[in-house]
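Notes to accompany the following structure.
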Amino acid sequence: MPHQTEAQVQEDGGGVVFWGMITVEGPSYGSTITEGTVNSEVYAEILDSSLLDIIRYYWLDKKTFRFQRDNARPHTSGPIKKWFTHHGFSVQSVLDWPPPKP
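Here my numbering is used: the first residue of the sequence shown is -3, the next is one more, and so on.
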């Protein structure tokens, strides 16, 4: 995806967060966060603007498709669990990536 990226170095080296999704139809588009940190509110905005659009574009069924996420706090917080319920996802459709073994 080099044609979709832009090189940027922040003063302290900073960091970049990329959210993306792969569907049975292939890779989909993503979201890039270059400023600040990702908390539950920012993550919900990403889900609103990216995940829901992807589901509509590919005509995916929220009740049968699987969404796998890592165990970062913003991804598993109470507000995000409520977000998935509010938007009609079944509990079984949201899977947590297993934590690394010690």
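Ideal Cβ positions, reconstructed from N, Cα and C, are used throughout, including at glycine.
Residue i to residue j span [Cα, whole Å]
i: residue 54; j: residue 21; result: 8 Å
i: residue 79; j: residue 92; result: 16 Å
i: residue 70; j: residue 84; result: 19 Å
Buried/exposed call for residue i, threshold 16 Cβ in 10 Å
i: residue 47; result: buried
i: residue 39; result: buried
i: residue 51; result: buried
i: residue 76; result: buried
Check whether residue i and residue j have beta carbons under 7 Å apart
i: residue 33; j: residue 12; result: no
Whole alpha helix (DSSP H) elements within the stretch 3 to 77, 4-residue minimum: Taken in chain order, the whole alpha helix (DSSP H) runs of length 4 or more contained in the stretch 3 to 77 are 36 to 42, 48 to 54, 69 to 72.
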